[in-house]
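Engineer:
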DNA sequence: CCCCTCCATGATAGATACAACAGCGCCGAG
DNA sequence: CTCGGCGCTGTTGTATCTATCATGGAGGGG
């Protein structure tokens, strides 16, 4: 009768959400093969929606589909890592410069997230801290008002989390540094100098990508 | 024995290729609904590979999947058009500046495509002309050596063809102008001035996007 | 002892069957 | 004439079944 645990949303959506969560949280590591049947059993649906989920994830670059063999979680070469980071910096620098003009629309939210981020750091809530960092950057990117670039940015950032498993866990110094840089960003945003703002954003990105390289 | 008409490639690939071709060549216009059954009959496969094809096309932004209703060919608002163009210019300007250093690896091919493009223009082969233009730009973008940005560029350009149905057909003047600009690009590429090269590329992109805006 | 072939196994690719749902028109009541 | 409910139809969403193919190991021949 299935009285309980009837999940919400379509089976395909559940399959997609679960698979993506599992990959981004390193339940499946790079190089692991995911079989449709296994995922289907895990989630409790047939293989069809699982196929759909894996297909989406392939287009997003999170898995590679090998015909007749299976889906393997993407593993990155050094070159591919550099490509993703370069693309991310390109998009974020550009959108940041654009969003400066619209800063009134998101500055309040930015400050709020920033405060939340400090709280998480004090509470040693690494996952929450990382989440706040993601939102912080997305707010700026979205501020540019270009939905296409926003979507591209999100997939790039997701791919980045694939090869930087842990950036700040147990590294209070890194968290403090990130907060300090975000401080400067907000500061420049409240001032009236777009170039200075773009400068600190770019500095933060350089710092952040160097961290990502070290955290492979 | 199936002596004839055994198509090459997987059914899913055929479905994808056909649907994409049909959309990009305006067989299905913006706003048209594509039903899985119809496409399946058209291609001669079952609905399963068709679903897969439509899913990919959705992620690429060529169709929108409405649950229980069908797939409709994406129609763009003015804002979305601007977003796509802006993103394309961003990626292409950046990759062009990068590929200047590697120009030895693709300059021969570029010249060859350029000559072919002139031939097509003389022969009034509009489709071939457009194809050459696409390859010309892709050569420069790929020259940067960033596979991620190359892939992004391709999807952006495909989306652009969706809202610029016809840019040069019957417009010999536009073809001549494009060729002249490509001439300048090759010229600057053979010289040793990256800034001048980046300059003419950007000018060409401005001209090209203005054309795209006019050709909606 | 090594390598090559064949086959058992398990996976995906594709087809088909079925269920659920949205849209639309018909029909009747007011 | 208008409005609201009801069922019909067509479409997608999901499950399941079959065929095909990749893979790895066993076994025989060189």
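Chains as they are written, first to last, in UniProt numbering: chain Y, 1 to 216; chain W, 1 to 216.
C-beta atoms are modelled at their ideal positions from N, C-alpha and C, and glycine is treated no differently.
#1: When the Cα of residue 19 of chain W is compared with those of W:29, W:54 and W:10, which residue comes out closest?
#2: Comparing the C-beta of residue 55 of chain Y with each C-beta of chain W, is any distance below 7 Å?
#3: Taking the continuous alpha helix (DSSP H) assigned at residue 199 of chain Y, which residues delimit it?
#4: Can you tell me whether DSSP reads residue 62 of chain Y as helix, strand or coil?
#5: Given a limit of 7 Å on CB to CB distance, which residues of the segment 81-95 of chain Y reach chain W?
#6: Just to confirm my understanding: we take residue 209 of chain W, look at its own chain, exclude 5 residues before and 5 after, and list those with CB closer than 7 Å. What are they?
#7: Examine chain Y for any beta-carbon lying closer than 7 Å to the beta-carbon of residue 2 of chain W, and answer yes or no.
#8: Mind checking the segment 135-167 of chain W against chain Y and listing, in chain order, the residues whose C-beta falls within less than 7 Å of any C-beta there?
#9: Out of W:82, W:81 and W:61, which has the shortest C-alpha to C-alpha gap to residue 73 of chain W?
#10: Is DSSP giving residue 30 of chain W helix, strand or coil here?
#11: Could you tell me which chain Y residues have their CB closer than 8 Å to the CB of residue 73 of chain W, listed as they occur along the chain?
#12: Under a three-way DSSP split, which group does residue 141 of chain Y fall into?
#13: Is the CB-CB distance between residue 175 of chain W and residue 166 of chain W below 7 Å?
#14: Under the DSSP definition of a beta bridge, which residues are partnered with residue 127 of chain W?
#15: Less than 7 Å between C-beta atoms, sequence neighbours within five positions excluded: which residues of the same chain meet that for residue 46 of chain Y?
#16: Taking the beta carbon of residue 37 of chain W as the centre, do at least 16 other beta carbons fall within 10 Å, making it buried, or is it exposed?
#17: For residue 122 of chain W versus residue 128 of chain W, is the C-beta spacing smaller than 7 Å?
#18: To the nearest angstrom, report how far apart residue 146 of chain W and residue 118 of chain W are at their CA atoms.
#19: Does the separation of the CB atoms of residue 49 of chain W and residue 71 of chain W fall below 7 Å?
#20: Based on the DSSP output, what are the partners of residue 71 of chain Y in its beta bridges?
#21: Rounded to whole angstroms, what's the CA-CA distance from residue 200 of chain Y to residue 157 of chain W? Just pull it up for me.
Structural biologist: Answer, in terms of the structure:
#1: W:54
#2: yes
#3: 194-214
#4: coil
#5: 83, 84, 86, 87, 90 and 94
#6: 85 and 89
#7: Here residue 2 of chain W scores only 36 on pLDDT, less than 50, and its place in the model should not be relied on; the value that follows carries that caveat. Chain Y contact via Cβ: absent.
#8: 146, 147, 148, 149 and 152
#9: W:61
#10: coil
#11: Chain Y residues near residue 73 of chain W: none, gap ~17 Å exceeds 8 Å.
#12: helix
#13: no
#14: For residue 127 of chain W, which the question treats as bridged, DSSP gives no partner whatsoever.
#15: 40
#16: exposed
#17: no
#18: 29 Å
#19: no
#20: Y:34 and Y:65
#21: 32 Å
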